[in-house]
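S.K.: Protein chains in written order, with our numbering: chain A, 1 to 393; chain B, 394 to 649. For glycine and all other residues, C-beta sits at the position ideal for the given N, C-alpha and C. Submitted below is the structure of interest, expressed as structure tokens.
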Amino acid sequence: MKYGVNEQGYYGDFGGAYVPEMLYPNVEELRQRYLTIISDPDFKAEFDQLLKDYVGRPSPLYFAKRYSEKYGANIFLKREDLNHTGSHKINNAIGQILLARRLGKKRIIAETGAGQHGVATATVCALMGIECVVYMGEIDMARQAPNVSRMKMLGAKVVPATSGSKTLKDATNEAMRDWIANPVDTHYIIGSVVGPYPYPDMVARFQSIISFETRKQLLEHTGKELPEYVMACVGGGSNAMGMFYHFLDDESVKLIAVEAAGKGVDSGHSAATTFLGKEGVLHGSRTILMQTDDGQVVEPYSISAGLDYPGIGPQHAHLYKINRAQYASVTDDEALQAGLLCCQLEGIIPAIESAHALAQLDKMKFKKDDNVVVCLSGRGDKDLDTYIKYFNY
Amino acid sequence: MNRLNHLFATRKTNLLSIYYTAGYPEINTTVDIAAALEKAGADFLEIGFPYSDPVADGPTIQHSSQQALDNGMTLNVLFEQLKELRKRVTIPVLLMGYVNPIVQYGVERFCKKAAEAGVDGIIVPDLPMYEYESMYADFFRDNNLSNIFLVTPQTSPERIRKIDELSDSFIYLLSSSSITGGSLNVSDNIAAYYTRVKAMGLKNPTIIGFGISDNATFTKACQYASGAIVGSKFVQLLAEENFMDKIPGFIKSIRG
Ligand SMILES: Cc1ncc(COP(=O)(O)O)c(C=O)c1O
């Protein structure tokens, strides 16, 4: 793959495995074994079976008629919101739990922002009967309270991260500290295409099912496998990378990634990483991150907990730098309005994360016959409180 | 030869190093603390430059790092302080910190400034060996700076050999796989690990760190290594009133 990772774990200038020696054996074990394990026929069969019977895949590719009329192009929604647990995060959680079992791990840890990855991880741990600890920023625990309860019901222990901005970045720090202290029995299920190599590649492979299905479904709908555009929101970038994956080498397909601008890119309250960030090292990989001139990580802001992260995965940093994908940004207000519009035009309440991708539709200049696929990464149940407060329902 | 190389060429046992965070508890305490530590009998110093997201550190050092950042500590401020420090302190000084601030500063510039300010070695826990060798090592060597690698109970013998090859002053032996601020692990497994490393006959001496907090743990560590490093326990002292007056007593309590 032209845009794939090289032997050292790099995508162009980005990637690598910047981990303390304490994590080296774990990361090295993963690096040596992940490709063998996930290409094993038994693994593939078990993965596919669970995606089908447990997650409910393939997720539909839905032709959104009223959106299409409004935007003057053929708009399709890839319905990851219909997956069991309500988002794309389950694809990766299933893949990693099967991997963790084959590595002989007895305990699972995870970080979560919106709680979707935490719920997905708690779910697969319940499924396999494995102990699960989820780290979540204190602020996120408050704004995504329903997901905290769900994780607890599923038997996970939820540990608040109380340092820094008390959001996803800090939850990730705490999960890494846990892994350092429990290197032998524990597997860390990272929830996005971030972290040290091989995580970005491994998570992208598990999420690539999204674009794999989309190609076949588009062929059925339109007679063509390739759309003009694919669009997705980016927190760390896993739903976007899953949506882009099987289109990367088809240069005619325009890839649009949408970051969270928060209160505005220049407001000082934003998570628009490619607009505000510089190259550096965050959570084990060389990437683009929001930071001061002194290299201190800047605390991001977005109303959407899943996009409230100061970095992006290294493959995104690469696609951005070489211009293979376009990175846009959408504010809190634009996303919430777009979420409401989706309810009213299509009868779907989207996660606020996914609403960022939908808001970008308004800013595009499509031609009449363009086929456009938007990844609807998750459903909005967890965000009802935020929507209700904002719109005064 | 830098000051570290000299120290290890002449002394091989019971070395005591102290870690503390630059700019903590106050922006201008860095130099006075160093001078007091030398006077009290510390053999070398590890000065942490603060980072917003120190994943290898426990609550004590996380807190001191955040406070130091709030106090206005930056690499430029630290390099100025180190020039003052070198007028009063002769023991070896290591800088310890995370890779991102170094990347932003520029690796070459960082090494040059550190050497000019009288620094002898660098510890960057999240700088991997591959990246060090391919992108950093020349700048370290050109500036006569020792790079210190960590070894944990999980580090393989082959990797320890490789680390020994790339090191020129000492190897930092972690008492367990943990973040800073835990307690010294002296289980049979760990004793076996210290013994195993000792038996490898490495060219570099080893120093044990993480979880050294009193005379008992220091003495235990010195049975297996050339010395030990006290970090979190000392940083906790810096939060107390009149901490400067307590430094001699602290060092004495560790040495026994
Ligand atoms: C529904 C949904 N979409 C998107 C994201 C952002 O993550 P990523 O960029 O890895 O897809 C999240 C994260 O929690 C999410 O819950």
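1. I'd like to confirm something about residue 165(A): is its beta-carbon nearer than 7 angstroms to some heavy atom of ligand 1, or not?
2. Let me see if you follow: with CB-CB separation under 8 angstroms, is residue 176(A) close to chain B or not?
3. By DSSP, does residue 618(B) sit in helix, in strand, or in coil?
4. Which residues mark the beginning and the end of the beta strand (DSSP E) in which residue 284(A) is found?
5. Look at residue 647(B) and residue 628(B) and say whether their C-beta atoms are less than 8 angstroms apart.
6. Alpha carbon to alpha carbon, how far is residue 122(A) from residue 50(A)? Give it in angstroms, no decimals.
7. Is there at least one Cβ from chain B nearer than 8 angstroms to residue 18(A)'s Cβ?
8. By the criterion of Cβ-Cβ separation under 9 angstroms, what are the contact partners of residue 12(A) in chain B?
9. Give the residues from the stretch 475-496 of chain B that approach chain A closer than 9 angstroms (Cβ to any Cβ), ordered along the chain.
10. So which residues of chain A does residue 572(B) contact, with C-beta pairs closer than 7 angstroms?
11. Identify, in the order they occur along the chain, each residue of the same chain with its Cβ nearer than 6 angstroms to the Cβ of residue 198(A), setting aside the five sequence neighbours on each side.
12. Can you tell me which residues form a DSSP beta bridge with residue 74(A)?
13. Confirm, please, whether the CB-CB distance from residue 542(B) to residue 396(A) is below 8 angstroms.
14. Could you check if residue 238(A) belongs to the surroundings of ligand 2, using beta carbon to heavy atom distance under 7 angstroms?
15. Any heavy atom of ligand 1 inside 7 angstroms of the beta-carbon of residue 116(A)?
16. Strictly under 8 angstroms for the Cβ-Cβ distance: is residue 21(A) near chain B by that measure?
17. Going by the CB atoms, is the gap between residue 136(A) and residue 112(A) shorter than 8 angstroms?
18. Any chance you could list the alpha helix (DSSP H) runs of at least 4 consecutive residues sitting entirely within the stretch 60-117 of chain A, in chain order?
19. Confirm the yes/no value for this check: CB of residue 353(A), any heavy atom of ligand 1, distance under 7 angstroms.
20. For residue 163(A), which residues in chain B fall below 8 angstroms Cβ to Cβ?
21. To the nearest whole angstrom, what separates the beta carbons of residue 313(A) and residue 287(A), a pair I think is in contact under 8 angstroms?
22. Given this structure, state the Cα-to-Cα distance separating residue 534(B) from residue 544(B), to the nearest angstrom.
23. Could you list the residues in the stretch 525-548 of chain B with a C-beta less than 8 angstroms from some C-beta on chain A, going in chain order?
24. Under the criterion of a Cβ to heavy atom distance below 7 angstroms, does residue 233(A) qualify as lining ligand 1?
25. Assign residue 210(A) to one of two classes, buried (16 or more other C-beta atoms within 10 Å of its C-beta) or exposed (fewer than that).
26. Hey, is the stretch 287-300 of chain A in contact with the stretch 361-374 of chain A, meaning 3+ C-beta pairs nearer than 8 angstroms?
27. Measuring only between beta-carbons, confirm whether residue 200(A) sits less than 8 angstroms from chain B.
28. Indicate the three-state DSSP secondary structure (helix, strand or coil) for residue 554(B) in the structure shown.
29. If you measure from the CB of residue 378(A), is any heavy atom of ligand 1 nearer than 7 angstroms?
30. Shorter than 7 angstroms, the distance from the beta carbon of residue 624(B) to the closest heavy atom of ligand 1, or not?
31. Hey, is residue 192(A) close to ligand 1, as in C-beta under 7 angstroms from one of its heavy atoms?
32. Using CA coordinates, which residue listed in 120(A), 372(A), 53(A), 368(A) is at the minimum distance from residue 252(A)?
33. Give the straight-line distance between the Cα atoms of residue 276(A) and residue 531(B), rounded to the nearest whole angstrom.
34. Just to confirm before moving on: does the CB-CB distance between residue 602(B) and residue 451(B) stay below 8 angstroms?
35. Considering only the beta carbon of each residue, do residue 187(A) and residue 89(A) sit closer than 8 angstroms?
36. Would residue 238(A) pass as a contact of residue 92(A) if the rule is Cβ separation under 8 angstroms?
M.R.: On the basis of the coordinates in this document:
1. Result no, Cβ not under 7 angstroms from ligand 1.
2. yes
3. coil
4. From DSSP, residue 284(A) is part of no beta strand (DSSP E); its letter is neither H nor E.
5. Cβ distance not < 8 angstroms, so residue 647(B) and residue 628(B) don't count as in contact.
6. 16 angstroms
7. True, the Cβ-Cβ gap to chain B drops below 8 angstroms.
8. In chain order: nothing, as chain B lies at least about 15 angstroms away.
9. So the list reads 491, 492, 493, 494, 495, 496, given in the order they occur along the chain.
10. Close to residue 572(B), with beta-carbon spacing below 7 angstroms, are these residues of chain A in chain order: 177, 180, 181.
11. 30, 31, 34
12. 371(A)
13. Shown here, chain A extends from 1 to 393; a query on residue 396(A) therefore has no answer.
14. Ligands in the displayed structure: ligand 1; ligand 2 is not one of them.
15. yes
16. At a cut-off of 8 angstroms, the C-beta of residue 21(A) has a neighbouring C-beta in chain B.
17. yes
18. 65-71, 89-102
19. yes
20. 455, 459
21. Their Cβ separation, rounded to whole angstroms, is 7 angstroms, which keeps residue 313(A) and residue 287(A) in contact under 8 angstroms.
22. 21 angstroms
23. Within the stretch 525-548 of chain B, the qualifying residues are 542, 543, 544, 545, 547, 548.
24. yes
25. buried
26. no
27. Contact of residue 200(A) with chain B is not assigned, every C-beta pair being separated by 8 angstroms or more.
28. Three-state result, residue 554(B): helix.
29. yes
30. no
31. Yes, Cβ of residue 192(A) sits closer than 7 angstroms to a heavy atom of ligand 1.
32. 372(A)
33. If I take the Cα positions, the gap works out to 32 angstroms.
34. no
35. no
36. Contact flag set, yes.
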